[in-house]
Each structure stands twice: as structure tokens, then as C-alpha cells.
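Here the structure comes first, spelled out in C-alpha cells, and everything after it is commentary.
Residue numbers (this note's numbering), protein chains in the order written: chain S, 3 to 398; chain G, 3 to 398.
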């Protein structure tokens, strides 16, 4: 069998496999990024025109594209509907961008850490991923300048409640980042699945709205605020990129499913959606707060973290780092799941000691128990590591 | 802007653009491959579990995979549910296969003619497409042997009511093709969107069911029999290919939309579906027969064709060939659309004189008028060509 050279870069996700195998009801999972089941809205399918069953346009439903362009303009993104492409979840934006830009060896700029499932298509197409360290208010700017000077094909950023770090770029950093992308003429891909999941107020306009000359793709989804099962996302692109992305979309899957598009259109911009989003924020804020209290109790001495102001995750840094991938099996043995931090880095072995903990899924009443077990697993591993390290070498 | 090398192979489809621009209600279209609007079934969304809104498995819904495996086994395809991957329309199978197999220069074996939208992803990834001429009962076998001997990464065949030629492989050719793929150890991708749209009885088991050693991917869809707007297709693959295709699916769009999967599951294998399919066949058979009569009247002297026993298309060969792409604009000026034959060939300029005419869309009452106009356009062009050719060269 002769596979493409690409396939040699197709990594299996060991962690994904371990977690998938551990989907037992008794496992308390802090691992996923799923919206809370309780907050999936009841949707109505009555009134959907029969024509939504027919083939549709590769660009997406015209009314939905209009609605998305309208929302984006309200955020300050200068665009019209002709720049909107409906995609099969915003994951597809990453596939299309990889096809558009990446040959083996093409440099791609990413945050460190970055979204795990973005690394997958980028590395599949052979990207040379170059990373910029994330600080509490956004990327380290001198590192960003140095990496942009290496002329990556694009930079991929998640500036608002990033998965996994929960970082929201400050206004100052947004301006500085935009200026740097303009200065170096590098295309920006800005991914914003979590923008609407904001708990502590404040809003910062997207970075693409601050660009003057650089090309850009802005991508979002209804997966975090409406229903991920619809697989309806969107991208908005500058006119130099749009026609190419459209043809790549046609070749990939003709068009995005229309029933999901129709459902998304019923919500976008509606009073019902505003109410739902407010309820969602209240619900997640309570869970975030409960998680923060439980973390202070069980992880106060073990780790450091920022309180996330939005999104779905806490990002913990252990005071005594170790390879958190080694914690997964002992944690699952205690019926607790979490996401090790290493896979969120281009160079996993250089970044030990991080854990991503989702706070939307586990009910507050069970939080304490789950985190206590996880803390115990970590302490045990640290003690084992400590005792190994302090043992005198017997052989060699 | 530095795009990938791939983008240099991203062709714009001039014909697609011309046809898209001509979507006026007064245009009688024989161009598309759309199911008749009247035959889109009324679907019921009541009873869909709320959980279908949540993220799902990359493999697809377990029950749907079971149902598809069951149907495939009834066709003679040896498989179980673990080999079924639900895809975002069977177009996505072609994208995943291209990623799995094709580097620039990789040989890929196709029928001549073949499905237009398969050429798109294959050529995008840089395939060297090698073709086997189609005869009335399947591929020309000596040509197939010669091309298989060149060791293509896979062969892509549409053996049942092919788009565009409507050819259905005979039993003998199916056996011979399977034996040749086994002999040369070449992976077979068998695409069967039209299997259920059979008008004149008879059924031949898929070629993959006749393979003994070669790897294979069998792909199908609910787009031609239920609703294309759901974007629900499937592939079934041998176990050596399945895990790789699954990871490519994850990287492409995480999973196929669940609302469409749930809807498809309501139909597959049900009495309601059997009734619908029977109605669909009756409806299309009548349209096929009406088209045949109208063609005999208006194209009897102009073209040759086989009466299609299934599928959605007539494939005409003009007795006096010309580049049928040049007919599109004059036809549209007469409010008639059709699909020129050239783009269905790897080497379009070597295959003038074919037209693909869809018979599912135009109502029988308007058929005669539409075909009469199209015939007139062709005659005019042929006369112009004839007079040009017979004119003595004045200069040069």
C-alpha cells in the first residue's frame, strides 16, 4: 500500500484514545470542552422550508451569510455577506486554510499553548509550526516580532478566552499584534469560538478589525452557544482569499448541511438568542465560580492559575512540574479525567506541568470530590518523582 | 501572499460559474444533478433527542453505522459497523481519499468520462490522473489492465449508473474488474450514489464484494434518495484504511452533523423508505421515458445515446462533434442549460461532442420545447463550424 507522504505525519492521538476508552458514566470528566447538556437549547424544526432538503450553495445560505456579516460588523469587523463562507464547523476553516497555505516546511505561527485540534491539520499538511509564548494579556510581543520576521504563511491566534489557556488579549496587545501583522504583511487567522461566553463583562474588538493592510480570515461557530451537533461554523475572509477558500470548500464537501444552517438562522440576532446567551453566561459563571472555590481548596498549594473571564477552561500550572500525560491513567483509575497540557504545545516535551480543566461539564456538587481525587493523584506522582530523583544512583 | 503549491492546481470551474450566473427561473435546466423538488420527502423532526445537538463521535452515530453496515451486507459487501465512517456527503470521501493517497505525481486511475467533482480534489492534491475508456457495459478491460500495471495508488470507479455516462457495469465486467484489482493489488474506491435509482430492474452486487485481497473503500450517500441538504454520506473501508480515514475525518471537521444523521437513521431500512424509493423510481422512470421520447424527436439525427437504466442522466454523443463548451452561452441565451461533456474527462480537448442532460428536473410538459431549442443551438453551431471549415483559407 502506497500512502501519501502526508500520512507519515498523521499522528494518532493517544490521549484522545485513552479518554474515549474511559467514557464510563462513573468518570467525572474535566477533560472535554463540551457545552453543558442542560444548556443545550430546545430547538424548533417546525416551519423549515422543504427546500432546505435540496442541494444548496457552496457559499452557504444567503440569509445566514447576511446575518453573520451583520453581527461581525457590529463587532467592528469590516465585511459584507459576500465575504462570508459557511463551513462545517470552524474546524473546517483550519482544513481549508491548511490547504490554501501549507506545503511541507511552510512556516505557520501559533500561540504556545494553542488549540490542540488546529495542530492536527496544520501538521498533517507539513507545517513547520513556530510558536510565540502566551502571557496573561496576550502574546509576548518581542517573540511575536521575531517569529513574524521569519515570514510565516499565516499566524493563527485565538485572542478571546483561548482554548486551553483562557487568555484574553488586552486592548493594548490587540493593537500591537495588528500593527505587527501589518508591518510584516502576514495573514492573520483569528479564531473566536468563545467570544460570547464572557462572564465578567468587557469586550474587545477582534484583531482583524484593527488591521490596515494584512489579509485575514476571521472564524467562528455556533457550537459553543447554540448546538455543536449542527456543525455550522463560518469564516469571513478578505477578498483576495475568499474565492480560493470557496473553491476549496466545494472540493471538500460541496456545501454545509442546510438544516443546521436554517436552525442557526432562526437564532442569530434574535431576542430568543440574546436571552439564551445571557442564561448561558449566568450558568457558566456559576460553574466557573464553583470551580474556582474548589480549586482554591484542593489545588492552592499544588498549582497556579488565572481565573478565566470567559470560555470553558481553567489552565493550571503545577508548582512542581511533571509530565502530566503520565497522570492520566492513574487519574482514570480514580474515575477522574482531565486534559494533559503537553499536546497543546508544538514541542510537548518542553512544556511539562500544565493541566486543562473544563468547568462546564461536572456538576458543582461533585466538583470537590473530583478535584480532591485529582490532587491526590498528582501528589502521589510528585512524591514518587521526588523520591526517584532524591535516590542515589545505584548503577551507572 | 505565499499560497501553497497546491493552489496553482485549484482550477476555477468556468462552466460552474456560467451556470450559477444563469439561475433565472425562465431557464430550463438540463444541467444539474438535483433530485426533483417534488420528490423530496416530507421529513419529521419530532422525537429527535436533544442530545443530537451535542458534539458527537468522529465515526458517526453508532446506530446509523449499524444500519448502513446491515444494508451493505445485504448488497453482498462483507463488513461490520466498525468499518463505517459517516461523512459530510460522499464528496468528503473523495477529499479524505485524496489526503490519504495523493502526493504530487501520484497516479490515480479513473474512468473516461468520470465524475467531474472527483477530478477536483484529486487534481488539487496533484494526482496524475490516468483514464480507462468506458464502454456500454463497463471499462475497456485491456486498457484497464494496462493502466493498473502502471501501479496507480487507487482506482476510482462508479460502476452503477455512472455520472455522467449512465453506464452500469455488466456482471462479467464486475468480475473481471475485481480480478484485475486483486491481481495488481490496487485499492478500489467504488462510488455508488445512484444504486437505488434503478428503473428497469436488475441488480448487480458491488465490485468490492467480489474482491479477495485488494483494499477498498465503498462510498454512498442519502443525497439522491432522501435529502441532499442533510449532507450525510458514508464510507466503508477495509480495516487497513479505516483508522487513517478516521483521523483524517477528525482533522477535517470533527464529525458529521448529527441532526442529518438522526434524520437518515429514521429512514434507512424502514418500510417508509422502501415506499419512498419505489415512488422515486416510478417518478424518475416516467421522466426518463418522457426524455427518451423527446430526444428521439429532436436529437435523433443529431446524436447517439444509450437509454439510461438508472441514475439521473442521458449522455449524448453528437454525430458531428464540436466543443460543447462553446454551446453553453448560446443555449443560455435561449434559456436552456445543459452540461458540456469536456470537463468530465482528464483530457477535455480530446473528447469533444458529448453532452450530459439531466432528466429529473425539467417537467415533461416543457421537455420538448427545451430540447428543440437546444437542438437548434447545436445545428446553428455545426453549420457555422461546417461553413468555417469548408471556406477556403484566405490568409496563411
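Ideal Cβ positions, reconstructed from N, Cα and C, are used throughout, including at glycine.
- Around the Cβ of residue 82/G, a 10 Å sphere holds fewer than 16 other Cβ atoms; the residue is exposed.
- For residue 277/S, no beta strand (DSSP E) segment is defined; the enclosing uninterrupted segment is the alpha helix (DSSP H) at 273–301.
- Flagged as an interface residue toward chain G: residue 259/S, by a C-beta distance shorter than 7 Å.
- Secondary structure within the region 191–266 of chain G: the beta strand (DSSP E) runs of 3 or more consecutive residues, fully enclosed, are 218–223, 235–239 (chain order).
- Near chain G, meaning a CB-to-CB distance below 9 Å, the residues of the region 4–30 of chain S are 4, 5, 6, 7, 8, 9, 12, 13, 14, 15, 18, 22.
- Residue state for residue 144/G is assigned as helix, using DSSP reduced to three classes.
- About 19 Å separates the CB atoms of residue 255/S and residue 6/S; that is not less than 8 Å, and the two are not in contact.
- By the neighbour-count definition (other C-beta atoms within 10 Å, threshold 16), residue 277/G is an exposed residue.
- The residues 198, 227, in chain order, have a CB closer than 7 Å to that of residue 279/G in the same chain once the five nearest residues on each side in sequence are set aside.
- Within the region 85–103 of chain G, those residues whose Cβ lies closer than 7 Å to any Cβ of chain S are, in chain order, 90, 91, 93, 94, 97, 101, 102, 103.
- Separation of residue 85/G and residue 241/G (C-alpha to C-alpha, rounded to the nearest whole angstrom) is 7 Å.
- The criterion of a C-beta distance shorter than 7 Å is not satisfied by residue 372/G and residue 348/G.
- In the DSSP secondary-structure assignment, residue 31/G is bridged to 339/G.
- Chain order gives the chain G residues near residue 246/S as 5, 9, 12, where near means a beta carbon separation below 9 Å.
- In the structure shown, the three-state DSSP call for residue 70/S is helix.
- Across the structure, residue 118/G and residue 346/G are spaced so that their CA atoms are roughly 5 Å apart.
- Chain S places a beta carbon closer than 7 Å to that of residue 123/G, counting this residue as a contact.
- As computed with DSSP, residue 312/S is found in a beta bridge with 200/S.
- Comparing alpha-carbon positions, the option among 162/S, 150/S, 172/S, 370/S lying closest to residue 216/S turns out to be 150/S.
- When the alpha-carbon of residue 343/S is set against those of 234/S, 320/S, 356/S, the nearest one is in 356/S.
- From the listed residues 183/S, 334/S, 87/S, the smallest Cα separation to residue 65/S is found for 87/S.
- Around the beta carbon of residue 192/G, 16 or more other beta carbons lie within 10 angstroms, which makes this residue buried.
- In this model, residue 336/S and residue 328/S are separated by some 14 Å (Cα to Cα).
- Chain G places no beta carbon closer than 7 Å to that of residue 275/S, leaving this residue out of the contacts.
- Exposed is the label assigned to residue 53/G, since fewer than 16 other Cβ atoms lie within 10 Å of its Cβ.
- In this model, residue 48/G and residue 55/G are separated by some 14 Å (Cα to Cα).
- Under DSSP, residue 358/S forms a beta bridge with 317/S, 341/S.
- For residue 125/S, the enclosing alpha helix (DSSP H) stretches over residues 118–126.
- Scanning 269/S, 244/S, 130/S for the CA closest to the CA of residue 105/S turns up 130/S.
- Burial state of residue 35/S is buried, judged by a 10 Å Cβ sphere holding 16 or more other Cβ atoms.
- Less than 7 Å divides the Cβ of residue 134/G from the Cβ of residue 141/G.
- DSSP, read as helix, strand or coil, puts residue 97/G in helix.
- For the options 146/S, 341/S, 70/S, the alpha carbon positioned closest to that of residue 112/S is the one of 146/S.
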